[in-house]
């Protein structure tokens, strides 16, 4: 697998915010979102055993497969391998591809290109939908137009050269949206606010 980075930190957003997690950021993406905070073209080829050894030093047992777009590399076999080792596995996906079987939790942050594919790719639903919100980004569709989820969240897009600056207008858009649609909730990106490495 082509791995961009592996690190241990707190989940910085969404329903599981604040939980100790091993982030395995895979390289490659099938989209080029202007607000993406990941350089996803480079990486190091690693075998499953090398990944296993790299994460064995961390006390946490929660893996978050992220990227880029992790479904470009993550397979049923990879998920089964780490499940057999006792890891709880989540994925953060853009929704354009069906995720592998066996994952414990799915976070889908769909972009415009994924909207028509969501029911096909997630027939049983997801753990959470997390929609990035900003000046030039569409607001989420009605919940009735989405597959089922445990939570529906909006998250303001951060801006600046390093994508770490709070966009006040995006935060205000999110707050206004949640006040008008109380079935949604706001998810701020904790790791961006306090710069957890």
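Residue numbers (the working numbering): 597 to 793. Glycine included, each C-beta is placed from N, C-alpha and C at the ideal position. Note that this is a predicted model, so its numbers are computed, not measured.
Residue i to residue j, Cα distance in whole Å?
i           : j           : result
residue 725 : residue 691 : 10 angstroms
residue 706 : residue 750 : 11 angstroms
residue 795 : residue 685 : Since the first residue shown for the chain is 597 and the last is 793, residue 795 is missing from the structure and cannot be characterised.
residue 713 : residue 741 : 12 angstroms
residue 615 : residue 748 : 19 angstroms
residue 772 : residue 780 : 11 angstroms
residue 650 : residue 782 : 34 angstroms
residue 789 : residue 606 : With a pLDDT of 41 at residue 789, under the threshold of 50, the predicted position of this residue should be treated as unreliable, though the coordinate-derived value follows. Each residue's Cα considered, the two are about 13 angstroms apart.
residue 612 : residue 746 : 12 angstroms
residue 652 : residue 777 : 42 angstroms
residue 675 : residue 689 : 15 angstroms
residue 769 : residue 784 : 13 angstroms
residue 731 : residue 767 : 10 angstroms
residue 738 : residue 609 : 22 angstroms
residue 642 : residue 679 : 18 angstroms
residue 637 : residue 602 : 15 angstroms
residue 710 : residue 660 : 21 angstroms
residue 656 : residue 681 : 13 angstroms
residue 754 : residue 670 : 27 angstroms
residue 765 : residue 717 : 32 angstroms
Just to confirm, are residue i and residue j a CB contact at a threshold of 7 angstroms?
i           : j           : result
residue 729 : residue 752 : yes
residue 693 : residue 662 : no
residue 664 : residue 625 : yes
residue 598 : residue 639 : yes
residue 683 : residue 604 : no
residue 736 : residue 727 : yes
residue 723 : residue 701 : yes
residue 696 : residue 672 : yes
residue 658 : residue 623 : no
Tell me the residue span of the beta strand (DSSP E) that contains residue i.
i           : result
residue 590 : Absent from the structure is residue 590, since the part of the chain shown begins at 597 and ends at 793.
residue 669 : Here residue 669 belongs to no beta strand (DSSP E), and DSSP marks it neither H nor E.
residue 749 : 745-752
In terms of residues, what are the limits of the alpha helix (DSSP H) holding residue i?
i           : result
residue 625 : Here residue 625 belongs to no alpha helix (DSSP H), and DSSP marks it neither H nor E.
residue 650 : 644-651
residue 775 : 764-776
Can a CB atom of chain B be found closer than 7 angstroms to the CB of residue i?
i           : result
residue 680 : The structure shown has no chain B; it contains just one protein chain.
Assuming residue i and residue j are in contact, meaning their beta carbons sit under 8 angstroms apart, how far apart are those beta carbons, in whole angstroms?
i           : j           : result
residue 647 : residue 620 : 7 angstroms
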